[in-house]
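Respectively, the protein sequence lines represent chains A and B. Under my numbering, think of the first position of the first sequence as 1, with each following residue one higher. Under my numbering, think of the first position of the second sequence as 544, with each following residue one higher.
There are 2 protein chains.
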Amino acid sequence: MNGLMQDWPLLCHRIIDHAAINHGNRKVISRSVEGPIVETTYAEIRARALKVAQRLTRDGVRPGDRVATLAWNTGRHLEAWYGILGCGAVYHTLNPRLYPEQIAYIANHAEDRVMMADISFVPLLESLAPKLPTVERTILLTDKANMPKTSLKNAVAYEEWIGEVDGDFRWAGLDENSAAGMCYTSGTTGNPKGVLYSHRSNVLHALGGNSAEMLGLNSHSVMMPVVPMFHANGWSIPFTAPMAGATLVMPGPKMDGASIFEMLDRYQVTATAGVPTVWFMLLAYLEESGKKLEHLERVIVGGSACPRAMTKTFQEKYGVEVSHAWGMTEMSPLGSTCAITPEVAHLSGDERLDLQEKQGRAPFLVEMKITDDAGKEIPWDGKTFGRLKVRGPAIARSYYKAEGGNVLDDEGYFDTNDVATIDEHGYMRITDRSKDVIKSGGEWISSIDLENLAVGHPSVAEAAVIGVPHPKWDERPLLVVVAKPGQQPDKAEILKFMEGKIAKWWMPDDIAFVKEIPHTATGKIQKTTLREQFRGYRLPTAD
Amino acid sequence: MNGLMQDWPLLCHRIIDHAAINHGNRKVISRSVEGPIVETTYAEIRARALKVAQRLTRDGVRPGDRVATLAWNTGRHLEAWYGILGCGAVYHTLNPRLYPEQIAYIANHAEDRVMMADISFVPLLESLAPKLPTVERTILLTDKANMPKTSLKNAVAYEEWIGEVDGDFRWAGLDENSAAGMCYTSGTTGNPKGVLYSHRSNVLHALGGNSAEMLGLNSHSVMMPVVPMFHANGWSIPFTAPMAGATLVMPGPKMDGASIFEMLDRYQVTATAGVPTVWFMLLAYLEESGKKLEHLERVIVGGSACPRAMTKTFQEKYGVEVSHAWGMTEMSPLGSTCAITPEVAHLSGDERLDLQEKQGRAPFLVEMKITDDAGKEIPWDGKTFGRLKVRGPAIARSYYKAEGGNVLDDEGYFDTNDVATIDEHGYMRITDRSKDVIKSGGEWISSIDLENLAVGHPSVAEAAVIGVPHPKWDERPLLVVVAKPGQQPDKAEILKFMEGKIAKWWMPDDIAFVKEIPHTATGKIQKTTLREQFRGYRLPTAD
Chain A
1 MNGLMQDWPL
11 LCHRIIDHAA
21 INHGNRKVIS
31 RSVEGPIVET
41 TYAEIRARAL
51 KVAQRLTRDG
61 VRPGDRVATL
71 AWNTGRHLEA
81 WYGILGCGAV
91 YHTLNPRLYP
101 EQIAYIANHA
111 EDRVMMADIS
121 FVPLLESLAP
131 KLPTVERTIL
141 LTDKANMPKT
151 SLKNAVAYEE
161 WIGEVDGDFR
171 WAGLDENSAA
181 GMCYTSGTTG
191 NPKGVLYSHR
201 SNVLHALGGN
211 SAEMLGLNSH
221 SVMMPVVPMF
231 HANGWSIPFT
241 APMAGATLVM
251 PGPKMDGASI
261 FEMLDRYQVT
271 ATAGVPTVWF
281 MLLAYLEESG
291 KKLEHLERVI
301 VGGSACPRAM
311 TKTFQEKYGV
321 EVSHAWGMTE
331 MSPLGSTCAI
341 TPEVAHLSGD
351 ERLDLQEKQG
361 RAPFLVEMKI
371 TDDAGKEIPW
381 DGKTFGRLKV
391 RGPAIARSYY
401 KAEGGNVLDD
411 EGYFDTNDVA
421 TIDEHGYMRI
431 TDRSKDVIKS
441 GGEWISSIDL
451 ENLAVGHPSV
461 AEAAVIGVPH
471 PKWDERPLLV
481 VVAKPGQQPD
491 KAEILKFMEG
501 KIAKWWMPDD
511 IAFVKEIPHT
521 ATGKIQKTTL
531 REQFRGYRLP
541 TAD
Chain B
544 MNGLMQDWPL
554 LCHRIIDHAA
564 INHGNRKVIS
574 RSVEGPIVET
584 TYAEIRARAL
594 KVAQRLTRDG
604 VRPGDRVATL
614 AWNTGRHLEA
624 WYGILGCGAV
634 YHTLNPRLYP
644 EQIAYIANHA
654 EDRVMMADIS
664 FVPLLESLAP
674 KLPTVERTIL
684 LTDKANMPKT
694 SLKNAVAYEE
704 WIGEVDGDFR
714 WAGLDENSAA
724 GMCYTSGTTG
734 NPKGVLYSHR
744 SNVLHALGGN
754 SAEMLGLNSH
764 SVMMPVVPMF
774 HANGWSIPFT
784 APMAGATLVM
794 PGPKMDGASI
804 FEMLDRYQVT
814 ATAGVPTVWF
824 MLLAYLEESG
834 KKLEHLERVI
844 VGGSACPRAM
854 TKTFQEKYGV
864 EVSHAWGMTE
874 MSPLGSTCAI
884 TPEVAHLSGD
894 ERLDLQEKQG
904 RAPFLVEMKI
914 TDDAGKEIPW
924 DGKTFGRLKV
934 RGPAIARSYY
944 KAEGGNVLDD
954 EGYFDTNDVA
964 TIDEHGYMRI
974 TDRSKDVIKS
984 GGEWISSIDL
994 ENLAVGHPSV
1004 AEAAVIGVPH
1014 PKWDERPLLV
1024 VVAKPGQQPD
1034 KAEILKFMEG
1044 KIAKWWMPDD
1054 IAFVKEIPHT
1064 ATGKIQKTTL
1074 REQFRGYRLP
1084 TAD
């Protein structure tokens, strides 16, 4: 027997409808790509998104078609986002920071029909044009006055393009499982893979994302997403902020410390979100300028682990609470935040910072488990670590065009390829990538923990740990070290430094000194290359 | 093209799973029907709910079957609630305050197979037993020691009943549109009608209900629902509290001021919810005892309009913020709360109280409109009033067994049968019931506004306003008055008192003095009877 409640599909454009009706005058403030700071409202964003939807439809874009955006965070990008999904098409955010060949690969794989891009990306797009056969036209997110000369196919200024329609348009009537958005994972190995969000998954994710211990936005919040909309579904802020009626401050293309500070200060931002790199730049700017964060209450740090010193500085020096968060493109993306529950509310000082190094707890709509290699669940004791797997309505069940094949286990959980512990209060901590963990005699050793410890030695510039085959233990850790200029540390000295700070059986079996450690384009250690480099390496303990 | 996200149906039992896993030790504290205050946790609630589900299944209860509860707010009732829905059956909360014949009508209409009841309702159930042929057995929510002697069919003590199973049970795998719960509307006319909630509607409603400007619960909240679980889906608190990991304090059968105060004070309740009647009792107790509300931050007042004086007293004397809320059984039930947005945050004193008399704003997942009788939308100007209609995924599309026929308009909106204004910021104010509004020359006059004004006259004990046929204006207002004992006000005196306080054309055309005004069982003015009483009444202005 079914319930007798209304059929009201979860469609993303209902979010901007809600914002326009109930928070219509709330502002969306952007640093434009052209330069000036411009202000609009949710009511206007919706009105113009309707024009985008109407114009795309008139241009022959059909439900399910992919429309790419290559743009910074601005009000126009937000209009494009809702306009694309609102005509039934799929917003496909491209990351301009990828190598041009990767961008071309991704746009071709997605078969993007239309490109909506900031004027600053015209040279990039012109160089890519011959490699983008599916792209029929380019809409440049600007007006006539700022329209650059370009050889791009059917290029038009956004303002002129939407100026030709009247906005008298009804959002597409869609099944809630229809695709709404798309974002590719960069991936350290293999080709990028596309994650295809549905209207349902985005709406559910935003509802969960606005719960008190996740983003918890309300109509008094002033939120600045420094994280770009092309990074992991924009951390869902394009949905959570209008759903809550929060004021949006969009930093546009300028991510340097002074520019970020200017927006935070001038618009009295209360909450902001981004990766550690931008906060390093902000903190450096504050340090050198002596400025204070008068209005900011909370900074959400994700994308990679938030360094303890950063948390300490934000909280103790600037009075800004840090919310350590974790997620994945495949998770829409919010997976956890390190909110303080009653069980740990008594912690202070270093103990509180210890806790805040964890990636935190799962909201409703995210189920977590940690398993051994055989898929057997392991205990939540804060010590035992295993493969982190997740399940929920806003988590991928497969990639676009079935790249990577089946990615779910028998119980429907997605393998994050992270290795983590979860403590008795549900706080999860990422300890490694699963392909990097060292498997010694059936027990796992975290390469990241060893690296973090080794770089604490005064003569070590950089450290990487990989597993090397061992006749008895399967694998044992090899520590690869780059010494600081002018330093010549020896093995015994480094090992002595590490001793007693980790379990005895975690101690590296050997240390190799190298001139440099290979890195990916985004600065991560390329362990595949490193393992290749040390193939056949014989540990002294192997005899 | 569909998205590629996981199939994770929105099932209510996932909420108690989440609470047990992520907030397992958070307490549920109840004043038991037997007397003592008892404590349990979400982990235990879930473990025992699994036993309820297992035992119901063993007893032959099948998905879709209705299982009635007749019980106060306690942890056991919460276990029963999740156990029933978790085996695929439908929790059907019966209101013990209805007339026995109404209870029998409702249980028969729903065809309840099992009755789970507090021991205090044994006499009522015994008297009703011959009229409840569908009920196969009664589970009394108590243990062996407190089990009363009873003639009820197959009666058993709950603790013994679940004691016979081991809890090794998997929740039913269900489609999210499956029925999960049922609640009948009392209705001032006609038979009670059943609202049938789905798993999906309850989960979505709870997600929306926990947004910051609705209940906004978190793991630090200590929530006491004084509103009974049998009143309009328990205002969804049985879902929102465990979803947020809030501590639950359950008042059991004692709703008097002293008992409510004891729970609020002893368990440091931060938020509570209920109808004005219970707050009158609490405020009277505080007044006479001189006690203070040390921990309470917020009281959510709904069910009927929150009197201005109550808001003022809570806020100004006790420092407790009042959230005026509105909803309906048919809306799961939350429809609006009067949260303060930035646009009105500058209001203070009387202006703030004016605002707080409004029922407030719609959350995401509730769409509102106001229309004239022809269904045409009228403006949101805070003055024009019309029929209030609502749409959303947790709003009824029809009643059980199609009672009342089609209840949606062409656009899928449900007619609340309330008449309301909505202002430019989205604040809605109920001005009347649509059947009570007086339609004078195409314009509407609020009977409630006239009544509220008339009772302000020092000689008037009670007032009711009904529309009486008029040859020129269709209808004109007749004010029906019960004078205070010993007082003999005359018409002119009362009319003079009202003059200038309302629009001239709102002034009643006549006043009739009566000894008493008819009331429903729940204390509301029975306007149908009153209209019957004044049928054929000829207004002096009709000549």
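Don't be surprised by glycine CBs; every beta carbon is placed ideally from N, CA and C. Just so we're clear, the structure is a prediction, and the values are computed from it rather than from any experiment.
Exercise. Do Leu1038(B) and Leu4(A) have their CB atoms nearer than 8 Å?
Worked result: no
Exercise. Is the Cβ of Leu50(A) closer than 8 Å to any Cβ of chain B?
Worked result: no
For this session: Please confirm if the stretch 385 to 402 of chain A is in contact with the stretch 352 to 372 of chain A, defined as three or more CB-CB distances below 8 Å between the two stretches.
Result: yes
Exercise. For chain A, is any of its Cβ atoms less than 8 Å away from the one on Trp778(B)?
Worked result: no
For this session: Sort out for me which residues DSSP pairs Lys736(B) with in a bridge.
Result: Thr728(B)
Problem set entry | For Ile646(B): DSSP bridge partner residues | None; Ile646(B) has no bridge partner.
Exercise. Do you know whose CA, among Ile445(A), Ile438(A), Gly386(A), Gly442(A), lies nearest Asp423(A)'s CA?
Worked result: Gly386(A)
For this session: Taking only beta-carbon positions, decide if Gly546(B) is within less than 8 Å of chain A.
Result: yes
For this session: Have a look at the DSSP bridge pairing and note the partners of Ala1026(B).
Result: Val1003(B)
For this session: Specify the secondary structure class of Leu683(B) as computed by DSSP and reduced to three states.
Result: strand
For this session: Spell out a yes or no on whether the stretch 91 to 109 of chain A and the stretch 127 to 139 of chain A are touching, meaning 3 or more CB-CB pairs, one atom from each, closer than 8 Å.
Result: yes
Problem set entry | Ranges of the alpha helix (DSSP H) found wholly within the stretch 884 to 943 of chain B, counting only runs of at least 4 | 892 to 899
Exercise. What residue ranges within the stretch 811 to 864 of chain B form continuous beta strand (DSSP E) runs of no fewer than 3 residues, ordered along the chain?
Worked result: 814 to 817, 841 to 844
For this session: Would you identify the three-state DSSP class for Asp409(A), choosing helix, strand or coil?
Result: coil
Exercise. Three-state secondary structure (DSSP) at Arg538(A)?
Worked result: coil
Exercise. With 16 as the cutoff for other CB atoms within 10 Å, does Gly245(A) come out buried or exposed?
Worked result: buried
For this session: Please list the residues of the stretch 212 to 234 of chain A that have a C-beta atom closer than 9 Å to any C-beta atom in chain B, keeping them in chain order.
Result: Ala212, Glu213, Gly216, Leu217, Asn218, Ser219, His220, Ser221
Problem set entry | Nearest-angstrom Cβ-Cβ length linking Cys555(B) and Leu599(B), presumed shorter than 8 Å | Rounded, the Cβ-Cβ distance is 15 Å, inconsistent with contact.
For this session: Only counting runs of 4 or more residues, tell me where the alpha helix (DSSP H) segments fall wholly within the stretch 958 to 999 of chain B, in order along the chain.
Result: 990 to 997
Exercise. Since Pro469(A) sits in a beta bridge, which residues does DSSP pair it with?
Worked result: Glu475(A)
Exercise. Would Phe712(B) count as contacting chain A if we go by Cβ distances under 8 Å?
Worked result: no
For this session: Could you name the residues that DSSP lists as bridge partners for Lys27(A)?
Result: Thr41(A)
Exercise. Do His205(A) and Leu334(A) have their CB atoms nearer than 8 Å?
Worked result: yes
Exercise. By how many angstroms is the C-alpha of Ala19(A) removed from the C-alpha of Lys982(B)?
Worked result: 34 Å
Exercise. Would you say Ala660(B) faces chain A, with C-beta separation under 8 Å as the test?
Worked result: no
For this session: With DSSP as the reference, label Ser721(B) as helix, strand or coil.
Result: strand
Problem set entry | Any chain A beta carbon closer than 8 Å to Gly955(B) | yes
Problem set entry | Test: His889(B) CB closer than 8 Å to a CB of chain A | no
Exercise. Checking contacts by CB at 8 Å: is Asp7(A) closer than that to chain B?
Worked result: yes
Exercise. For Tyr391(A), which residues in chain B fall below 9 Å Cβ to Cβ?
Worked result: Looking at the sequence itself, residue 391(A) is Arg, so the reference to Tyr does not match. Within 9 Å Cβ-Cβ: Gln549, Trp551.
For this session: Consult DSSP for Met331(A) and reduce its assignment to one of helix, strand or coil.
Result: helix
Exercise. Exposed or buried, which one is Gly360(A) when buried takes at least 16 other CB atoms within 10 Å?
Worked result: buried
Problem set entry | Alpha-carbon spacing of Ile1045(B) relative to Ile991(B), whole angstroms | 12 Å
For this session: Determine whether the Cβ of Pro922(B) lies closer than 8 Å to any Cβ atom of chain A.
Result: no
Exercise. Looking at the C-beta of Asn210(A), does it have a partner C-beta in chain B at a distance below 8 Å?
Worked result: yes
Exercise. Under a CB-based cut-off of 8 Å, is Ser398(A) close to chain B?
Worked result: yes
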